[in-house]
Amino acid sequence: MVGVSVPRKEGAPKVTGTAQYVDDLSFEGMIYGATVRSTIARGRITKIEFDGNIPWDEFVIVTAKDVPGKNVVSLITDDQPILAETQINHPEEPILLLAHKDRHLLPLAVAAVKIEYDELPSVHSIEDSERCQEVVWGTDNIFKTYTIDKGNVDEVWKDAAWIVEGEYTTGAQEQLYIENNGVIAQWSEQDGVTVWGSMQCPFYVHKALIALTGLPAEKVRVLQTETGGAFGGKEDYPSIIAGHAVLLAKKAGVPVKIVYDRMEDMAATTKRHPSRTRHRTAVDKDGRLLGAEIEFVIDGGAYATLSPVVLSRGTIHAGGPYYWPSIRVRSKAVATNTPPHGAFRGFGAPQSLFALERHMDYVARTIGLAPDEFRRRNLLRPGQTTATAQEIREPIDMQHLLDRALELSDYHAKTALFAKTNANSSKKKGLGIAAFLHGAGFTGSGERYLNALVGVEANERGDVRVLVSSTEFGQGTNTILCQIAAETLGLEYDDISMAPIDTHVVPNSGPTVASRTAMIIGKLVQTAAIEMRQKLVDAGLLGEDTGREAFRAACGEYTQTIGRLNGCGRYQAPPNVYWDDAKYMGEAYPAFGWAVYVAEVTVDMTTYSVTVDDFVALQEVGRVLHPVLAAGQIEGGVAQGIGYALYENIVWNKGRMLNNQMTNYIMPTSQDLPPIRVYFEEVPYAYGPYGAKGIGELPMDGPAPAILNAVVAATGMEFRSIPLLPEDIFTALAVSHKEHGVAV
Amino acid sequence: MSASRQQIRFTVNGREAVVSAYPMARLLDVLRNDLALTGTKEGCGEGECGSCSVLLDGELVNSCLVPVLQVHGADVQTVEGFASEALHPVQKAFLECGGAQCGICTPGMIVATVNLLRNHPKPTMEQIREGLNGNLCRCTGYTRIFEAVRSAAEQVPAEALERPTRAKESSR
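Residue numbers (my numbering), protein chains in the order written: chain S, 1 to 744; chain C, 1 to 172.
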């Protein structure tokens, strides 16, 4: 069962169009909600007027005054209001909510609310935020800082044969799930609130609604509807939309649906954090890393939201898959007057790994080694330690992954060939490497705090249900968890189903994030299934090695004579896992996925466009539970990474996204992508279900640096920022020609 | 929407439909709200993503860009029109090859694939890439969608791609 590509559990409804997404649902008496947002980046509201030819008496209108509990979006730091009272801290900040039965009237009504402001100076870059001329958050514009300090960095510089410095930046990126955010809420005095919506983390919404409404936990019920993509973009923002819909539903007395259109979703909801990374690296005469100082900064936007956690993952990954005898990483998340940046696949790691892998190429060229050879000399080996002094206990072989990726991409022959052909061609070709790792599960003590709980239960016929709050949004949660249960119980895949994601039904297995579902939740499903089966054995109803029919008969007997049959799994940390939150040292993650990617590109020196011609993605993610789903995760992640590197550019004006449409925010189409060749090495992980590790985020980390390294190899020019657009290449060429006295 | 509602008659998935709608109402909204055919999805509302793809008199269109007035007397096929008791071979191929992940682009992708295979029963890779270039998918990187199309092309019987015959030619 495990390792077999069974059909996706909810596949049939998806391919027939019968799967129910939130906008497909309708309830008796339901009306529609909309959000009035700030048009300025920072200031104070002085006046609100309801203008125009709008029948305002037909509208339900909600302001911050209507919040029954605390006016916060409860997540980590309670700094973000669900509706602004007077202070505005970013464009598109929610101020007022409107609801009406005619959804076509709502945009006109939103436009007819006139808000006047006293504008204040605003901050829109990491550098402006650091200057602190305007303090826009706390006392110093800093949400969070971390320092990792391993070895003795101050001593390495005197022994270095080379000291190489570089600065790298990455832009924001929109998740661009094709289903926009949306929620339906219902309020009744008797039952409290019920919310249906597109989301990753039903218990985050649950927690936020308890704070907002002041209701007890049992009177807040959250149900996930089929979710049309998320990628992190539906981790924290659904708490805001759900809060808005609940406030409207309470006042309206009928169910309220809020579904964003594309422009609102792109302008108002979270994106990947922009970043700046500075590297200073000491290398000895043999090309071995002695040490590094890395400064990693991310732009968190106007409120803290998830930035401290994104920063943490980015910080820990900043040293990558290399052995650093000494390394110091200092990092901070700063505030700007931009809508808060949030979770997006990779969660900080794509940013710091872009910088590292671009820098590794730069160092290699500077010291006269080939990029693959420099990496080979420094890749982590079992027994060595990461930047947080975590010992590598898994038998990983990064040197082997590197060699195999070079072979699969025909790296050496092609590099030699292109060195000859590029000279006389306007189409320059090159190959680039990225070697990286990605931690699976929550960082440090995170999984212990989450304390995930999972259940399985069987009815009298022996049909089994899996109960988790881990959501399906395309990755394959439903399918792999059912496979694991079936394998553990000796049943057929079709014997297992998933309980609906409903906070009144399923236990809290934590959020569906951080590449934790397969590895952490999958293991707990296995544990729960073993416990349930053992109950049958202990009751004398089942032998140790009996099959499906015996299991079914035993379930019938058990439920009749003893009662409900179920099992549960509670998180237990693997042995020898120790994390020091103060020093940021120790076992940062239960396990890592490891990868080497190679991109081949053509840079057209007439149009300055870059095309990716071939892409090799080789990774070690433990045992592959479902080959088709796993490859699908890698291919999709690589496609998003190609977009991140070459296409996806957000045009900002004072914190406001100007290109908030699919027409002018460009993601890859079916004609923009190379063949994405996916390969797995499988080293079973002892503490994962049937040897599996996390996989979802890993493929986001490698493509951007591999592609930029390939562009650098093709052109001989240094590019240190993404997205890398044709105009950037043109500008760089123009500057370089000017410096060399060549006409462009 | 200043004009008043009109009666619009057209065929959807082989059945006659009569709706009272504003002439400039989007076909997408009429399908979803008046006819409860929610398989057709809205992704962008401006004809970029293709999630709302339907066949209008056999032509692939974005239903978010079609005023319902334009379909008076026409024949519309949505994703709901392909599965009868069993999955349509194209749907089966998407399911088996992993061509659907989150599923939100899938209905439009399946409609576009049917259109592609009608025009190119044995499509080349370039024809597949071009035939689906109006349908955005954020999950798959398209690789497994291409495989689904290739697999469908191998398996799909010609009659599964036939355009539905219309009861009578309409006066448009």
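Just so it is clear, CB atoms sit at the ideal spot from N, CA and C, and this is done for glycine as well.
Assignment of A387 (chain S) by DSSP, reduced to helix, strand and coil, places it in the coil class. Comparing C-alpha distances from A686 (chain S) to each of S:R288, S:T18 and S:F592 shows the shortest one belongs to S:F592. Looking at the DSSP output, W162 (chain S) sits in a beta bridge with S:V283. Among the CB atoms of chain C, one or more fall inside 8 angstroms of the CB of S670 (chain S). Annotated three-state conformation of H438 (chain S) is strand, per DSSP. Its Cα nearest to that of V454 (chain S), the residue S:P511 stands out among S:V683, S:F347, S:P511 and S:L673. Fewer than three beta-carbon pairs drawn from the stretch 209-218 of chain S and the stretch 313-327 of chain S are found closer than 8 angstroms, and the two stretches are therefore not classed as touching.
With at least 16 other beta carbons inside 10 angstroms of its own, Q351 (chain S) counts as buried.
Judged by beta-carbon spacing, M360 (chain S) lies within the 8 angstroms limit of F374 (chain S), meaning their Cβ atoms are closer than that value. Listed as beta-bridge partners of C568 (chain S) by DSSP are S:G455. In the structure shown, G243 (chain S) adopts helical secondary structure according to DSSP, grouped into three states. Among the residues facing chain C, V616 (chain S) is not included, as its CB has no counterpart in that chain under 8 angstroms away. Taken atom to atom, the span from the alpha-carbon of Y411 (chain S) to that of R44 (chain S) is near 58 angstroms. With a cutoff of 8 angstroms on beta-carbon distance, V464 (chain S) and L481 (chain S) are scored as not near each other. Residues A41, R42, N89, H90, S122, V123, H124, V136, A302 and G655 of the same chain have their beta carbon placed closer than 7 angstroms to that of N337 (chain S), with the five preceding and five following residues left out of the count. In the same chain as A714 (chain S), and ignoring 5 residues on each side of it, the C-beta atoms closer than 8 angstroms to its own belong to F418, N422, K428, K429, G430, V601, T602 and V603, in chain order. Annotated three-state conformation of H100 (chain S) is strand, per DSSP. Using a Cβ-Cβ cut-off of 8 angstroms, N115 (chain C) does not count as an interface residue toward chain S, since no Cβ of chain S sits closer than that to its own.
Runs of the alpha helix (DSSP H) lying entirely within the stretch 478-543 of chain S, each at least 4 residues long, are 522-538 in chain order. The straight-line gap separating the alpha-carbon atoms of D613 (chain S) and A599 (chain S) is approximately 8 angstroms. Under the 8 angstroms Cβ criterion, the stretch 637-650 of chain S counts as touching the stretch 658-670 of chain S, having at least three qualifying pairs. Annotated three-state conformation of R461 (chain S) is coil, per DSSP.
For Q661 (chain S), the nearest beta carbon of chain C is closer than 8 angstroms to its own beta carbon. From the beta-carbon of I496 (chain S), no residue of chain C is found nearer than 7 angstroms; the closest lies around 18 angstroms away. Around the beta carbon of E155 (chain S), fewer than 16 other beta carbons lie within 10 angstroms, which makes this residue exposed. Per DSSP, reduced to three states, the secondary structure at A419 (chain S) is helical. Counting along the chain, the unbroken beta strand (DSSP E) around Y32 (chain S) starts and ends at I31 to R37. A distance below 8 angstroms separates the beta carbons of G33 (chain S) and K257 (chain S). Contact annotation: V329 (chain S) and F354 (chain S) have beta-carbon atoms that are not nearer than 8 angstroms. Listed along chain S, the residues sitting closer than 8 angstroms to L87 (chain C) by beta-carbon distance are A12, V15 and T16.
Closest in C-alpha terms to I327 (chain S), from the list S:D494, S:A692, S:Y584 and S:P7, comes S:Y584. Residues of chain S with a Cβ closer than 7 angstroms to the Cβ of S51 (chain C) are, in chain order, I178. Here N451 (chain S) is exposed, its C-beta having fewer than 16 other C-beta atoms within 10 Å. Here P89 (chain C) has A152, Q155, V156, P157 and A160 as same chain residues with Cβ atoms under 8 angstroms from its own Cβ, once five neighbours each way along the sequence are excluded.
Spanning the alpha carbons of A704 (chain S) and G171 (chain S) requires a straight line of approximately 12 angstroms. Selection S:P627, S:I54 and S:L306 evaluated against D102 (chain S) yields S:I54 as nearest (Cα-Cα).
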